[in-house]
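Going line by line, the protein sequences match chains A and B.
Counting along the first sequence from 1, when you hit position 20 you're at 29 in this note's numbering, and nothing is skipped either side.
Counting along the second sequence from 1, when you hit position 291 you're at 274 in this note's numbering, and nothing is skipped either side.
Don't be surprised by glycine CBs; every beta carbon is placed ideally from N, CA and C.
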Amino acid sequence: MILIGERINAGFKDIARAIQTKDPEPVKTWAVKQTERGADYLDVNIGAASKKPEDMAWLVRTVRESVPTKISVDSTNVEIMEAGLEALDGRAALINSTTADSGKLETLVPLAVKYNTSLLGVAMDERGSPPDANRRVENAAVIFAAAMEGGLEPERIILDPILMPLKFMQEQAPHVLEAISQYTFLSDPPPHISVGLSNVASKVTERGLIVRTFLVMAMTRGLDAAICNVMDEEMIAAVATAELILNKEIYSDSYVRAFTARRGP
Amino acid sequence: MTAQIPEVKKTWTNPIHAVTLGATDKEGGTRTSTITIGGETTLPFCHFEGEMPNAPVLAMEVWDVPATDWPEPIKEPFADVMADPGAWAKKCVDEYGAQLVCLRLKGCDPNGENKSPEDAVSATKRVLESVGVPLIIWGCGNTDKDNEVFPAVAEAASGENCLLGTITEDNYKTLTALGTAYKHKLIAESPVDINMAKQVNILALDVGFPTENILIYPSTGALGYGIEYVYSIMERLRIAGLKGDKVVAMPILCDIGIEVWGVKEAKAPQSEVPEWGDAALRGPLWEAATAYVYLLAGADILVMRHPQAVRMTKETIERLMGGTA
Chain A
10 MILIGERINA GFKDIARAIQ TKDPEPVKTW AVKQTERGAD YLDVNIGAAS KKPEDMAWLV
70 RTVRESVPTK ISVDSTNVEI MEAGLEALDG RAALINSTTA DSGKLETLVP LAVKYNTSLL
130 GVAMDERGSP PDANRRVENA AVIFAAAMEG GLEPERIILD PILMPLKFMQ EQAPHVLEAI
190 SQYTFLSDPP PHISVGLSNV ASKVTERGLI VRTFLVMAMT RGLDAAICNV MDEEMIAAVA
250 TAELILNKEI YSDSYVRAFT ARRGP
Chain B
-16 MTAQIPEVKK TWTNPIHAVT LGATDKEGGT RTSTITIGGE TTLPFCHFEG EMPNAPVLAM
44 EVWDVPATDW PEPIKEPFAD VMADPGAWAK KCVDEYGAQL VCLRLKGCDP NGENKSPEDA
104 VSATKRVLES VGVPLIIWGC GNTDKDNEVF PAVAEAASGE NCLLGTITED NYKTLTALGT
164 AYKHKLIAES PVDINMAKQV NILALDVGFP TENILIYPST GALGYGIEYV YSIMERLRIA
224 GLKGDKVVAM PILCDIGIEV WGVKEAKAPQ SEVPEWGDAA LRGPLWEAAT AYVYLLAGAD
284 ILVMRHPQAV RMTKETIERL MGGTA
């Protein structure tokens, strides 16, 4: 399971303030904490706190200097994205994200090639969010084809079927699960499949339970990545257990501990 | 018409830990050379696919007491030196080309000669003075006695960066503490059980002993005695390590000699089973054949006994590494 830590995002007040005052400490703290909990990537997003490409460059640089972890450069704005990629200085990374929009694909696929990163594509297009599994598959296939044509191998492509809040769009969850199953047939080996996990539990009371349950259900369909709260110990334990049951990890009595330790420094 | 051969190369994400044994005077020890093993980025000898930067190495077994119960074919080459572990080790290195010496403290066994920790220390010192290669020091196998002997032995060999063994799921605290205090590496033992192999590593990690300083000993079976079970466990451990599980991405040690020379196919004299042929040839061949299998499964250190088997295995390693032996 590829865990992408969501915490370095200007949607959180401490990070927004850090970006505005150029205070590296909160960013460092979260980079270290999430890495210790086994994050494979750290998502980095300046959100609404800034529109300045140099702020993204600062944030990426601050993370890069704090930990050896891979970085997920998260922006919908191409200029901000490129500033972030430039600041990677060779660090392994992923672009978060493109859509099936041809204009976006034409810009972002070459950037992934140029900076040698993976590319995360969310299954929406100019028509907006997908209403069902079919549209999710259609959009993902467009992204997948464009990425392959551009020279990215399946291992560098991450598809996101777009997870909706359970509380407000309950009918969408089965469509997401179905789309995940379908994505696994796109190639052999299949592309990676990821969701923005916290979205499913927006404004619910049983947050942790819904997150873990969805995650485990999705893993059985082929989900192998998630942008998530890696500080959620119960969620990590559920992932570790699901990986065992899917025979992707070797059992040991201390397997939950081993799941974090296996990633190592 | 030429058929297209599909691309079958695999790239793995995580290298096996490289481990260095021994310390020269520059590194605070007295060894004349060190040995580095591990560091593979692919399955054994798949040179077309990745790196195998360090060839597997051969250790020869030396005891702290004469090995009176060894069968004739392995007693005979050492008959003149068995009374002195130092001379025994020197013969292994100088005459038979051992790259490491594995000192087995068999004499400390309470069911045998029940030698004292002081005796073990003097045997260790004798070997350290007599040879310049790195040392493996293996306890007698009695947990309580080993925990009494190792503190003295680990201290006496302080700074020499030896490989001490073994830790198990039930007994790891003494040796991990000694390994940290006196800078030695450790052998993690499990009884042909992949889950326990992983568990003992995680237990060591939890008491602060870094996984980079551990070798896996998944138990060894002689050819004809469960070798296929051990093989598949070694293979699965190695694949998991290469795929990114750092808790099992360690070099692997196989204890060949002790297993092979306990089975009748290797040790029975020709007088008992004439149809099996010359025991002087059969035994070493059995040992070498067992070693070859483990090389292919991913062994990084082989502990062996018969000089002829050592020579054959060394030549095989050179060939498998792309040499011209």
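Next on the checklist: Taking beta-carbon pairs under 8 Å, can you tell me which members of the segment 240 to 260 of chain A lie near chain B?
Outcome noted: Glu258, Ile259, Tyr260
Checklist entry - Can you tell which of B/Val132, B/Ala164, B/Lys156, B/Thr126 has the C-alpha that lies nearest to the C-alpha of B/Asn144? => result Here the question's residue 144 of chain B lines up with position 161 in the second sequence. For the residues B/Val132, B/Ala164, B/Lys156, B/Thr126, the minimum Cα distance to B/Asn144 belongs to B/Ala164.
Checklist entry - Could one say the Cβ of B/Val231 lies closer than 9 Å to chain A's Cβ atoms, at least one of them? => result Along the second sequence, one-based indexing puts residue 231 of chain B at 248. Yes, contact with chain A.
Next on the checklist: Tell me the DSSP secondary structure of B/Glu44 in three-state form.
Outcome noted: Residue numbering aside, residue 44 of chain B sits at position 61 when the second sequence is read from its first letter. Looking at B/Glu44 - three-state DSSP - the assignment turns out to be strand.
Next on the checklist: Give the list of continuous beta strand (DSSP E) stretches no shorter than 3 residues that lie fully inside the segment 199 to 260 of chain A.
Outcome noted: 201 to 205, 234 to 237
Checklist entry - Which residues in the same chain as A/Thr44 place their Cβ atom closer than 6 Å to its Cβ, once the five residues preceding and following it in sequence are excluded? => result Within the first sequence, the letter at position 35 stands for residue 44 of chain A. Closer than 6 Å at Cβ, skipping near neighbours: Val76, Thr78.
Checklist entry - Closer than 9 Å, CB to CB, is B/Gln(-13) near chain A or not? => result Your numbering for residue -13 of chain B matches position 4 in the second sequence. Chain A contact via Cβ: absent.
Item to check | Beta carbon proximity, B/Ala308 to chain A, threshold 9 Å | outcome: Position 325 of the second sequence, counted from the first residue, corresponds to residue 308 of chain B. Annotation note: pLDDT 47 at B/Ala308 (below 50); position unreliable, coordinate value reported separately. Judged by the 9 Å Cβ criterion, B/Ala308 is not in contact with chain A.
Next on the checklist: Can you pull out the residues from the segment 139 to 163 of chain B whose beta carbon lies closer than 7 Å to at least one beta carbon of chain A?
Outcome noted: none
Checklist entry - Under a three-way DSSP split, which group does B/Val64 fall into? => result Mapped onto the second sequence, residue 64 of chain B falls at position 81. Note: B/Val64 maps to coil in three-state DSSP.
Item to check | Other residues of its chain near A/Val185: CB distance less than 6 Å, five sequence neighbours each side excluded | outcome: By 1-based counting over the first sequence, the position of residue 185 of chain A is 176. Excluding residues within five positions, the ones whose Cβ falls inside 6 Å are Pro170, Leu172.
Item to check | Exposure of B/His30, with buried meaning 16 or more beta-carbon neighbours within 10 Å | outcome: One-based indexing of the second sequence puts residue 30 of chain B at position 47. So B/His30 ends up on the exposed side.
Checklist entry - For the beta strand (DSSP E) that contains B/Glu172, what are its first and last residues? => result The residue given as residue 172 of chain B occupies position 189 in the second sequence. Its beta strand (DSSP E) spans residues 168 to 172.
Next on the checklist: Taking 8 Å as the cut-off, does the segment 140 to 160 of chain B touch the segment 170 to 183 of chain B (at least 3 CB pairs, one atom from each stretch)?
Outcome noted: yes
Checklist entry - Can you tell me whether A/Gly93 is buried or exposed, with buried defined as 16 or more other CB within 10 angstroms of its CB? => result Within the first sequence, the letter at position 84 stands for residue 93 of chain A. Under this definition A/Gly93 is a buried residue.
Checklist entry - chain B partners of A/Ala267, CB-CB under 7 Å? => result Residue 267 of chain A sits at position 258 when you count from the first residue of the first sequence. Result: Lys181, Ile185, Val230.
Next on the checklist: As a quick exercise: from B/Gly90, B/Val40, B/Pro56, pick the residue whose alpha carbon is nearest that of B/Asp238.
Outcome noted: Counting from 1 along the second sequence, the entry for residue 238 of chain B is found at position 255. Measuring from the Cα of B/Asp238, the nearest candidate turns out to be B/Val40.
Item to check | Exposed unless 16 or more other CB atoms sit within 10 angstroms - verdict on B/Lys247 | outcome: To locate residue 247 of chain B, count along the second sequence from 1; it is residue 264. So B/Lys247 ends up on the exposed side.
Next on the checklist: Let's see if you can read the secondary structure: which residues bound the alpha helix (DSSP H) around A/Leu114?
Outcome noted: Against the first sequence, residue 114 of chain A aligns to sequence position 105. Element bounds for A/Leu114: 111 to 123.
Next on the checklist: Using C-beta distances below 8 Å, list every residue in its chain close to B/Tyr200, excluding the 5 sequence neighbours before and after it, in chain order.
Outcome noted: Taking the first residue of the second sequence as position 1, residue 200 of chain B is located at position 217. Cβ within range, chain order: Gly148, Thr149, Ile170, Ala171, Glu172, Ser173, Ile235, Leu236, Cys237, Asp238.
Item to check | Residue interval of the beta strand (DSSP E) (run including A/Arg16) | outcome: Residue 16 of chain A sits at position 7 when you count from the first residue of the first sequence. 11 to 18 is the extent of the beta strand (DSSP E) around A/Arg16.
Checklist entry - In terms of alpha-carbon separation, which member of A/Ala101, A/Leu103, A/Val118 lies closest to A/Ala109? => result The residue you call residue 109 of chain A lines up with position 100 of the first sequence. The option with the nearest alpha carbon to A/Ala109 is A/Val118.
Checklist entry - Using 9 Å as the limit for Cβ to Cβ distance, is B/Asn178 near chain A? => result For the purposes of this step, residue 178 of chain B is identified with residue 195 of the second sequence, where counting begins at 1. So yes, B/Asn178 belongs to the interface.
Checklist entry - Count the other CB atoms within 10 Å of the CB of A/Asp197; is the residue buried (16 or more) or exposed (fewer)? => result Counting from 1 along the first sequence, the entry for residue 197 of chain A is found at position 188. So A/Asp197 ends up on the exposed side.
Next on the checklist: Taking 8 Å as the cut-off, does the segment 63 to 82 of chain B touch the segment 91 to 101 of chain B (at least 3 CB pairs, one atom from each stretch)?
Outcome noted: no
Checklist entry - Of all the options B/Val190, B/Pro193, B/Ser215, B/Thr194, which has the alpha carbon lying nearest to the alpha carbon of B/Ser202? => result Along the second sequence, one-based indexing puts residue 202 of chain B at 219. The option with the nearest alpha carbon to B/Ser202 is B/Ser215.
Checklist entry - Under the rule that 16 or more other beta-carbon atoms within 10 Å means buried, what is B/Arg87, buried or exposed? => result Here residue 87 of chain B refers to the residue found at position 104 of the second sequence. B/Arg87 is buried by the Cβ-count criterion.
Item to check | Start-to-end residues for the alpha helix (DSSP H) that takes in B/Val246 | outcome: Counted from its first residue, the second sequence places residue 246 of chain B at position 263. No alpha helix (DSSP H) holds B/Val246; DSSP gives it neither H nor E.
Checklist entry - Can we say the segment 272 to 284 of chain B touches the segment 48 to 60 of chain B, given the rule of at least three CB pairs closer than 8 Å? => result no
Checklist entry - How close, in whole Å, do the beta carbons of B/Tyr79 and B/Pro267 come, if the pair is a contact with beta carbons under 8 Å? => result Reading the second sequence from its first residue, position 96 is the one you call residue 79 of chain B. Reading the second sequence from its first residue, position 284 is the one you call residue 267 of chain B. So it is not a contact: roughly 12 Å between Cβ atoms.
Item to check | Cβ of A/Ala48 within 9 Å of any chain B Cβ | outcome: By 1-based counting over the first sequence, the position of residue 48 of chain A is 39. By this cut-off, A/Ala48 is not an interface position.
Checklist entry - Mind pulling the chain D residues with CB within less than 7 Å of B/Ala223? => result Absence of chain D from the displayed structure is noted, the protein chains being A and B.
Checklist entry - Can you name, in chain order, every residue of its own chain whose Cβ lies under 7 Å from the Cβ of B/Asn37, other than the five neighbours on each side? => result As a working note, residue 37 of chain B is residue 54 in the second sequence. Ala1, Thr19, Ile20, Gly21, Gly22.
Checklist entry - Between the C-alpha atoms of B/Lys128 and B/Pro93, what's the straight-line distance to the nearest angstrom? => result To locate residue 128 of chain B, count along the second sequence from 1; it is residue 145. To locate residue 93 of chain B, count along the second sequence from 1; it is residue 110. If I take the Cα positions, the gap works out to 7 Å.
Checklist entry - Roughly how many angstroms separate the alpha carbons of A/Val265 and A/Leu253, rounded to a whole number? => result The residue you call residue 265 of chain A lines up with position 256 of the first sequence. The residue you call residue 253 of chain A lines up with position 244 of the first sequence. Cα-Cα distance, rounded: 10 Å.
Next on the checklist: Can you tell me whether B/Thr194 is helix, strand or coil according to DSSP?
Outcome noted: On the second sequence, position 211 is the one that residue 194 of chain B refers to. In the structure shown, B/Thr194 sits in a helix (DSSP, three-state: H, G or I).
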